[in-house]
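J.: One structure coming up, written as structure tokens, with questions to follow.
Numbering (our numbering), first residue to last: 14 to 582.
The following block contains the structure:
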């Protein structure tokens, strides 16, 4: 397996007295020392001013490899995802209809649900796919059920085309495409497979349960994942949706989960499902309960460090929102960004992807989600979900550098940001930061000058005030700590609780580096890494009073994230 580079500079901040002092701990001995002068920032929150809903769009996750979900570390991680919001977390996986024995590999999985006997009659076997869905549901996670890819007995791939791909980390993406990526020999058999699968799910899990799932067809049919003209995909989509709805007329169906906003492909798809002739039924249009597209960033490796591409990511989100609202008949449909990530390949190595283990990934996640919420409000999009294509890679080296939420069963810092999101409330309240980069600026240019030290505040159902803070920069280089004065109007509370994700808090990667980066941690070291991954609640006293409220001071390191929760009653 290729050696994956670690981040060139991992910043660990040590707070010592006042003023705050900072210490740089770098994996690169040549990395410059961090500036010691703190940057003063003022954050103002007014709990008396609600400014709309903040939907919990973060509760969607996914992975290429469906069979990892049933393995030891996959089961452990799914349990943690389910705890974020039990029964409302969704998981999307590729390869659920692939032919094979269920052995996972990079960007591959199989369930063997469909084969044929000697006479060409269908043979269905739900054993493996049931095990996957059972594993989700037992841990409080529900399926965002991707209908794909093509079973071997159905594929129209040219003779001699391998069915399972030979891709591995370091190979070109063209190696992904093999026999699974082609249309079916019979669209009627394809529809019947989808119908039988849906009917089986209803019998196994109950109609009310399956009504809560999402059903979508294929993945990125405008890109590398579909080896046929787009009209053939529209036909595939129509037949599959007809199969689902024949079994469950109330099923939540949508798509098409395009690569990016979808361009002309998405334009044609939206026209087809809203006013075109349905290939399966002959009627006008195709049932559509939600719309889905993908958006990715574009990190680079420049001057010896990682530079993130948050602007690329956010511009694609905005283009997708414009597409989703372009046809009046569909403009109010819920929208899911079916993959939303810093870049496009979770299993791909490369120095530009060395952001993944440490706090750069976690701060990027906080800063990007905040702007996606803003863009949705600006475009008046009914945003339902933002799916992070990140899970785990079973039995791989520790901190191998893949885009994942945990390594060998130990959580990475980014997972703690989702735990912070889960502590926030559904009602957004007014909040501003003197150092937050404006939406238009970050969409156009990213964060290349002063760091983005931003905030998002909510009121929880039980009346508390939750204030999220992040300190993000596109460049993975040292920078001054932020000394945040947080003024909260509309509360008389004198104390608060604080959770942090930074070099010294909720960060197993930094702890692993400090213990010498062992590739075979013993049981004692494993427990230490698990302990280091956990955020701990800290009590924070108010540092002053403002007119109608209280003030708090929070030291926020570069690429750090924090959540302050105040009893606002």
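Ideal Cβ placement from N, Cα and C applies to all residues, glycine included.
Within the chosen definition, does the stretch 90 to 107 reach the stretch 70 to 80 through at least 3 CB pairs nearer than 8 Å?
T.: These segments touch.
J.: How big is the Cα-Cα spacing for residue 170 and residue 193?
T.: Their Cα atoms are separated by approximately 8 Å.
J.: Given 8 Å as the limit, is there contact between the stretch 177 to 185 and the stretch 137 to 150, that is, 3 or more CB pairs closer than that?
T.: Segments in contact, no.
J.: From this set, 503, 398, 527 and 381, which residue's C-alpha is nearest residue 347's C-alpha?
T.: Comparing Cα-Cα distances from residue 347 to each of 503, 398, 527 and 381, the minimum goes to 398.
J.: Quickly, what does DSSP pair residue 178 with across the bridge? List them, please.
T.: Partner(s): none; residue 178 has no beta bridge.
J.: DSSP has residue 579 in a bridge; who is on the other side?
T.: Partner(s): 478 and 509.
J.: Assign residue 528 to buried or exposed, taking buried as 16 or more other Cβ atoms, counted over all protein chains shown, within 10 Å of its Cβ.
T.: The residue in question, residue 528, is exposed, as its Cβ has fewer than 16 Cβ neighbours within 10 Å.
J.: Skipping 5 residues on each side, what residues in its chain have a beta carbon closer than 7 Å to that of residue 259?
T.: These residues qualify, in order along the chain: 208.
J.: So, does the stretch 324 to 331 touch the stretch 386 to 405, judging by three or more C-beta pairs under 8 Å?
T.: The stretch 324 to 331 is in contact with the stretch 386 to 405.
J.: Leaving aside the five residues before and after residue 573 along the sequence, list all residues of the same chain whose C-beta is less than 6 Å from its C-beta, in chain order.
T.: Counting only Cβ-Cβ distances below 6 Å, and skipping sequence neighbours, we find 484 and 515.
J.: When you compare only the Cα positions, how much space is there between residue 463 and residue 486?
T.: For residue 463 and residue 486, the distance between alpha carbons rounds to 8 Å.
J.: Roughly how many angstroms lie between the CA atoms of residue 461 and residue 54, to the nearest whole one?
T.: C-alpha separation (whole angstroms): 18 Å.
J.: Specify the secondary structure class of residue 249 as computed by DSSP and reduced to three states.
T.: Here residue 249 sits in helix by DSSP.
J.: Buried or exposed: which applies to residue 384, given that a residue is buried once 16 or more other Cβ atoms fall within 10 Å of its Cβ?
T.: With 16 or more other Cβ atoms within 10 Å, it is buried.
J.: For residue 406 and residue 417, which I take to be in contact (beta-carbon distance under 8 Å), what is that distance rounded to the nearest angstrom?
T.: That pair is a contact at about 6 Å.
J.: Using DSSP bridges, identify the partner residues of residue 75.
T.: According to DSSP, which records beta bridges pairwise, residue 75 is partnered with 105.
J.: Can you check whether the CB of residue 77 is closer than 8 Å to the CB of residue 419?
T.: Contact: no.
J.: Leaving out five residues on either side along the sequence, give the residues of the same chain with a beta carbon under 8 Å from the beta carbon of residue 566.
T.: Hits under 8 Å: 496, 497, 498, 499 and 556.
J.: In chain order, what residues of the same chain have a beta carbon less than 7 Å from the beta carbon of residue 427, not counting five sequence neighbours either side?
T.: Closer than 7 Å at the Cβ level, and outside the excluded window around residue 427, lie 374, 375, 378 and 418.
J.: My output table needs one value for residue 443: the three-state DSSP class, helix, strand or coil.
T.: Correct three-state label for residue 443: strand.
J.: Which of helix, strand or coil does DSSP assign to residue 66?
T.: If DSSP states are grouped into helix, strand and coil, residue 66 belongs with the strands.
J.: Taking all protein chains shown into account, decide if residue 20 is buried (16 or more other Cβ within 10 angstroms of its Cβ) or exposed.
T.: Only weak support is given to the placement of residue 20: the predicted model assigns it a pLDDT of 35, under 50, and the value that follows is read from those uncertain coordinates. Looking at its Cβ environment, which holds 16 or more other Cβ atoms inside 10 Å, residue 20 is buried.
J.: Any idea if residue 116 is buried or exposed, counting beta-carbon neighbours within 10 angstroms, 16 or more meaning buried?
T.: Residue 116 is exposed by the Cβ-count criterion.
J.: Identify the residues that DSSP records as bridge partners of residue 600: which are they?
T.: In the structure as shown, the chain starts at 14 and stops at 582, and residue 600 therefore has no counterpart that could be examined.
J.: Out of 56, 62 and 57, state which residue places its alpha-carbon closest to the alpha-carbon of residue 442.
T.: Comparing Cα positions, the closest option is 62.
J.: Quick one: residues in its chain with C-beta nearer than 6 Å to the C-beta of residue 327, no 5 flanking neighbours on either side, listed in chain order?
T.: Answer for residue 327: 384 and 456, listed in chain order.
J.: Between which two residues does the alpha helix (DSSP H) containing residue 409 stretch?
T.: Careful: residue 409 lies outside any alpha helix (DSSP H) and carries neither H nor E.
J.: Please find out if some non-hydrogen atom of the ligand PLP comes closer than 7 Å to the beta-carbon of residue 157.
T.: With respect to small molecules bound, the structure shown includes none, and the ligand PLP cannot be examined in it.
J.: Looking only at its chain, what residues have a beta carbon closer than 7 Å to the beta carbon of residue 304, apart from the 5 residues adjacent to it on each side?
T.: Hits under 7 Å: 267, 337, 343, 346 and 348.
J.: Could you pull out every residue in the same chain whose Cβ sits closer than 7 Å to the Cβ of residue 278, ignoring the five residues on either side in sequence?
T.: Only 235, 243 and 271 meet the Cβ criterion.
J.: Going straight from the alpha carbon of residue 237 to that of residue 440, what length do you get?
T.: Their Cα atoms are separated by approximately 40 Å.
J.: Measure the C-alpha to C-alpha separation of residue 119 and residue 531 and round it to an integer number of angstroms.
T.: Cα to Cα, residue 119 sits roughly 24 Å from residue 531.
J.: Rank 225, 368 and 360 by C-alpha distance to the C-alpha of residue 425 and give the top, closest one.
T.: If we check each option's Cα against that of residue 425, 368 comes out closest.
J.: For the alpha helix (DSSP H) that residue 2 lies in, which residues bound it at each end?
T.: What is shown of the chain runs 14 to 582, which leaves residue 2 out entirely.
J.: Counting only the same chain and skipping the five closest in sequence on each side, list residues whose C-beta sits under 7 Å from that of residue 195.
T.: Within the same chain, residue 195 has close Cβ partners 163, 168, 169, 170, 240 and 241.
J.: In whole angstroms, give me the CA-to-CA distance for residue 363 and residue 322.
T.: C-alpha separation (whole angstroms): 15 Å.
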